[in-house]
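Chemist:
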Amino acid sequence: MKSYEIMYIVKPYEDEKFEAVVEKFNTLITNNGGVIEKTDRWGKKKLQYPINYKSEGYYVLMTFEAAKT
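Pasting the structure below:
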């Protein structure tokens, strides 16, 4: 297994929707044979520049192991 790190930004939803998106990513990795080492929720931060007219987003950093393909 090889170690990977991914950072993704989620639209600024309510906390329930944000947690649902994080859980969806976790489920995607574990269902495909990956092992999640750590999920860091950095919280809501201002974007360097607007993306689709949004100026803030929730940052999440995830480290996991998965089979090399």
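Read in order, the letters of the sequence shown are residues 36 to 104 in the working numbering.
C-beta: ideal position from N, C-alpha, C; glycine also.
1. Just the C-alpha distance for V70 and E40, rounded to the nearest angstrom, thanks.
2. Counting along the chain, where does the alpha helix (DSSP H) carrying E58 start and finish?
3. Quick one: what's got a C-beta closer than 6 angstroms to R76's C-beta in the same chain, skipping five residues either side?
4. Per DSSP, what kind of secondary structure is K103 in: helix, strand or coil?
5. Could you pull the start and end residues of the beta strand (DSSP E) that P85 belongs to?
Modeler: Here's the rundown:
1. By one-based count along the sequence shown, residue 70 stands at place 35. By one-based count along the sequence shown, residue 40 stands at place 5. So the alpha carbons of these two residues sit roughly 12 angstroms apart.
2. Here residue 58 is taken as the residue at index 23 of the sequence shown, counted from 1. Residues 50-66.
3. As a working mapping, residue 76 is identified with position 41 in the sequence shown. Result list for R76: V95, in chain order.
4. Translated into the one-based positions of the sequence shown, residue 103 becomes position 68. In this structure, K103 counts as coil in the three-state DSSP scheme.
5. Counted from its first residue, the sequence shown places residue 85 at position 50. Segment 70-86, the beta strand (DSSP E) holding P85.
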